[in-house]
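Written below as structure tokens is the structure these notes are about.
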Amino acid sequence: MSAVKDGVRLETTSDLGPLATLRRGVQLSPQLLVGLRVTVLLAVLAAAGRVVVPIAVQQTIDTGILSEGGPRTDRVLLLVGLAALALVAAGVCSALVNVRLFRSSEAGLANLRTRAFRHVHDLSVLTQSTERRGSLVSRVTSDVDTISLFVQWGGIMLLVSVLQIGVATVLMLVYSWQLTLVVWLCFLPLMLVIRPAQKKVSAAYALVRQRVGAMLGAISEAVVGAETIKAYGVGERTQRRIDHAVEATRDAMVRAQVRVAVVFSSGVLTANLVLSVVVVVGTFLGIDGSLTVGRVLAFLFLVQLFTGPVQMATEILNELQNALAGWRRVIGVIDTEVDVVDPLEGVVSPRGPARVELRGVAFAYPGGPRVLEDVDLVLPARAKVAVVGATGSGKTTLAKLVTRLVDPAEGTVLLDGTDLRDVTLASLRRRVVLVPQEGFLFEGTLVENVAYGARDLDGPHGTWSPDATDARDAAVAAAFAELGLADWLSDLPEGLHTQVGQRGERLSAGERQLVALARAHLAGADYLVLDEATSAVDPATEVRIARALDSLTAGRGTLTIAHRLSTAEASDLVVVVEAGRVVEVGPHAELVGRGGVYAGMHAAWLSQTR
Ligand SMILES: Nc1ncnc2c1ncn2[C@@H]1O[C@H](COP(=O)(O)OP(=O)(O)OP(=O)(O)O)[C@@H](O)[C@H]1O
Ligand SMILES: [Mg+2]
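Shown next as structure tokens:
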């Protein structure tokens, strides 16, 4: 299947064969098969309806108009009436087929989408980076669309086309085997070249899609980055890039259209050629006396039942391949094992002061080298621990391990002596909470953002029902007040109900941190993991954040990834990480006295700040 490194899968495309892919696809969307037999029967009837016209023409002419005793109006009327009825019936069948296919495919694919999206969500937060999950989501969306195109239309049209070719051939053979031979001989070359030709068309369109994507990318980058572009005076270069992308798109489109035109015209040309040949050969056979006028005319109609399906069938074969590829990828996503698994019979970790321990822990991101190695660490209950180290040394990764956003490749992380992998995720998330460097804010009001995720938690302010907005507002206001942020809150234009904008863009970076702290406080965790923000904030906000942090961490065990040595100075224990290894652990004063890595960092910091 897919490459596995350090227990994490890299690839997400399944390598099932075509039939196995179909089987697994149908198994994932069982609704696709519901009522399929009736649908196929209706489709056969609809296809049969197509030969009504040629038969009616032949019968009307040969036995009605040119009958031996002169034209017979009654027979003509009867035949035309019967033909009309048959056509209406065929039309109804075809409409029913469409409705039934839409219904079953929408049900089946909705199911597939839900499953795939839920699974993407479950894939571990950090081994699948945000971008990767984003692209997985968009890929699943477009793949399911491709599948739906085929399931709703392609599959049944392929059947109908093949049936139509078959029925037309049988009918032609009944009328005249010589003409049938002529028709097939003329069509054979088309059948042979059309598939490769259509592949070229698909390739041309793939290029168009790629170029359009690049063009939109260039344009949106220019729009989003307008300020930077102006600031650096690179407007002209940006414009040139866009012009180039637009031209490239145009070229690709023209090329694709030319190919379509060639394929389409060769179809039309063949059809016309066959029609002429049928007329000429038919006339000779007619003079010969072996073919009636009605049959020759019927042939002209039958030939037309031929061209469409030949082109259609090849197009659908391409679609089938796209659908299979889409199915393979979606199946690949669904079959990717979740790496952070919620234990089936997990331990519910009891609330109370939390002690975290790491034993012989190592970790590597998918396809990458070890970024943590041999980590043995005890984080005592209620202790304030600071982690320091150079950028890229593995501090954030350590935080992810402690909060079980990822599992170690080696060793164990324990919460009060229990392996994190044995603790239910719900109780773990309740006890250990991560306050990330850049807390994500959702579009909405401040209060909604703070209360987000805290509703079901037994935090210091109890729980409230979803519609008890007053209780919620009171709890959130109290959380802000307890963190010493009441004044900040009342300075906001609309207080708790201030809109934060998309991703919280209407708040400053520092204010977003205040919101993140209030969120963490409301969640009322036993253990806090704080990834200190690196972004600079104004001094007033800095003071606010520091005060809020003091209240937030009071009485709780904390692991803080410290970017300021002042944070380390104020903590009970300092952990120094260097290139993925814990090199020093101890109280600040002791480490400074030891004269090692930390003492060096501290001296450098002192000389900078004083
Ligand atoms: N999602 C990821 N995929 C692959 N490699 C990653 C990922 N995240 C981090 N790394 C790598 O792991 C190593 C440790 O990264 P980590 O984020 O833990 O460092 P850090 O100490 O938190 O750095 P900083 O101080 O800059 O926040 C780095 O070499 C980094 O490139
Ligand atoms: Mg970091």
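First residue of the sequence shown: -14, per my numbering; consecutive thereafter.
Here a beta-carbon is modelled for each residue, glycine too, at the ideal position from N, C-alpha and C.
Computed from a predicted model, the values in this text were never measured in an experiment.
Worksheet entry | Sequence-distant residues of its chain with Cβ nearer than 8 Å to valine 129 (five each side left out) | Closer than 8 Å at Cβ, skipping near neighbours: Leu94, Leu97, Arg98, Ala101, Gly311, Val315.
Discussion item. Extract the residue ranges of the alpha helix (DSSP H) inside the stretch 318 to 386, only unbroken runs of 4 or more that lie entirely within it.
Written reply: With a minimum length of 4 residues, no continuous alpha helix (DSSP H) run stays inside the stretch 318 to 386.
Worksheet entry | Rounded C-alpha distance that separates threonine 112 from leucine 426 | Note on threonine 112: pLDDT 47, under 50, position unreliable in the model; no value is reported.
Fill in: N-terminal and C-terminal residue of the alpha helix (DSSP H) that arginine 244 is part of
Per DSSP, arginine 244 belongs to the alpha helix (DSSP H) from 220 to 273.
Worksheet item: Straight-line CA distance for valine 266 to leucine 148?
Response: Whole-angstrom Cα-Cα distance: 26 Å.
Worksheet item: Would you say the beta carbon of glycine 424 comes nearer than 7 Å to a heavy atom of ligand 1?
Response: Glycine 424 Cβ: outside cutoff for every heavy atom of ligand 1.
Worksheet entry | CA-to-CA distance, alanine 531 to glycine 571, given in whole angstroms | Our two residues, glycine 571 and alanine 531, have alpha carbons roughly 23 Å apart in a direct line.
Discussion item. Using CA atoms only, rank isn't needed, just tell me which of Arg566, Val561, Gly565, Val567 is closest to histidine 587.
Written reply: Selected option, being the one with the closest Cα: Val561.
Worksheet item: Per the contact definition of three or more C-beta pairs closer than 8 Å, is the stretch 403 to 417 in contact with the stretch 506 to 518?
Response: Below 8 Å, enough C-beta pairs join the stretch 506 to 518 and the stretch 403 to 417 to call them touching: three or more.
Discussion item. Need the endpoints of the alpha helix (DSSP H) that valine 577 sits in, please.
Written reply: 573 to 579 is the extent of the alpha helix (DSSP H) around valine 577.
Worksheet item: Taking C-alpha atoms, which residue in Thr126, Tyr160, Gly139, Thr526 lies nearest to aspartate 47?
Response: Ranking Thr126, Tyr160, Gly139, Thr526 by Cα distance to aspartate 47 puts Tyr160 first.
Discussion item. Please classify histidine 106 as buried or exposed, where buried requires at least 16 other C-beta atoms within 10 Å of its C-beta.
Written reply: The residue is exposed, with fewer than 16 neighbouring Cβ atoms inside 10 Å.
Discussion item. For ligand 2, is there any heavy atom lying closer than 7 Å to the beta carbon of threonine 381?
Written reply: Yes; taking the cut-off as 7 Å, the Cβ of threonine 381 has a heavy atom of ligand 2 nearer than that.
Worksheet item: Would you say leucine 4 and valine 11 are within 8 Å of each other, going by their C-beta atoms?
Response: Result no, Cβ atoms of leucine 4 and valine 11 do not sit closer than 8 Å.
Worksheet item: Alpha carbon to alpha carbon, what distance is there between valine 577 and leucine 502?
Response: The straight-line gap from Cα to Cα measures roughly 30 Å.
Practice prompt. Verify whether the separation of the beta carbon atoms of alanine 28 and valine 145 is less than 8 Å.
Written response: Remark: C-beta atoms of alanine 28 and valine 145 approach each other more closely than 8 Å.
Fill in: Three-state secondary structure assigned by DSSP to glutamate 598
Absent from the structure is residue 598, since the part of the chain shown begins at -14 and ends at 595.
Discussion item. List, from N- to C-terminal side, the alpha helix (DSSP H) runs of 4 residues or more that fit wholly inside the stretch 53 to 110.
Written reply: Annotation note: the stretch 53 to 110 contains the following uninterrupted alpha helix (DSSP H) runs of length 4 or greater, listed N- to C-terminal: 58 to 107.
Fill in: aspartate 472 classed as buried or exposed, judged by whether at least 16 other C-beta atoms fall within 10 angstroms
Label assigned to aspartate 472: exposed.
Worksheet item: By how many angstroms is the C-alpha of leucine 7 removed from the C-alpha of threonine 58?
Response: Answer to the nearest angstrom: the Cα atoms are 54 Å apart.
Worksheet item: When the Cα atoms are used, what is the spatial distance from alanine 574 to arginine 103?
Response: Alanine 574 and arginine 103 have their C-alpha atoms some 49 Å from each other.
Practice prompt. Would you kindly work out how many angstroms separate the C-alpha atoms of valine 239 and valine 245, rounded to a whole number?
Written response: So the alpha carbons of these two residues sit roughly 10 Å apart.
Item to complete: Quick one: grab the DSSP three-state call for leucine 400.
Response: In the three-state reduction of the DSSP assignment, leucine 400 falls in the strand class, which pools E and B.
Worksheet entry | serine 551 beta carbon near ligand 1 (any heavy atom closer than 7 Å) | No, since every heavy atom of ligand 1 falls outside the 7 Å radius drawn around the Cβ of serine 551.
Discussion item. Just to check my reading of the structure: glutamine 662 and glycine 424 have Cβ atoms closer than 8 Å, yes? What is that Cβ distance to the nearest angstrom?
Written reply: Residue 662 is absent from the structure shown; the chain starts at -14 and stops at 595.
Item to complete: Give me the Cα-Cα distance between leucine 442 and alanine 411, rounded to the nearest whole angstrom.
Response: With a pLDDT of only 48 at leucine 442, under the threshold of 50, the placement of this residue in the model should not be trusted; the figure read from the coordinates follows. Taken atom to atom, the span from the alpha-carbon of leucine 442 to that of alanine 411 is near 10 Å.
Worksheet item: For glycine 585, which residues from the same chain have a beta carbon less than 8 Å from its beta carbon, with the 5 sequence-adjacent residues on both sides left out?
Response: Here glycine 585 has no same chain residue with a Cβ atom under 8 Å from its own Cβ, once five neighbours each way along the sequence are excluded.
Fill in: Runs of alpha helix (DSSP H) lying entirely within the stretch 162 to 216, each at least 4 residues, in chain order
Contiguous alpha helix (DSSP H) elements confined to the stretch 162 to 216 occur at 162 to 209, 211 to 216, taking only those with 4 or more residues.
Worksheet item: Looking at the structure shown, is valine 582 part of a helix, part of a strand, or coil, going by DSSP?
Response: Judged by DSSP in its simplified three-state form, valine 582 adopts helix.
Worksheet entry | Backbone CA spacing between glycine 2 and leucine 302 [nearest angstrom] | When only Cα atoms are considered, glycine 2 and leucine 302 end up about 16 Å apart.
Worksheet item: Do valine 288 and valine 208 have their CB atoms nearer than 8 Å?
Response: No. Outside cutoff.
Worksheet item: Which of helix, strand or coil does DSSP assign to threonine 543?
Response: In the structure shown, the three-state DSSP call for threonine 543 is strand.
Fill in: Those runs of the beta strand (DSSP E) which lie wholly inside the stretch 475 to 562 and span at least 3 residues
If we require 3 residues or more, the beta strand (DSSP E) runs fully inside the stretch 475 to 562 come out as 512 to 516, 542 to 546.
Discussion item. Could you pull the DSSP bridge partners for arginine 566 from this structure?
Written reply: Bridge partners of arginine 566: Glu563.
Practice prompt. Could you spell out where the beta strand (DSSP E) holding valine 391 opens and where it closes?
Written response: Here valine 391 belongs to no beta strand (DSSP E), and DSSP marks it neither H nor E.
Worksheet entry | Backbone secondary structure at valine 19 - three-state DSSP | Here valine 19 sits in coil by DSSP.
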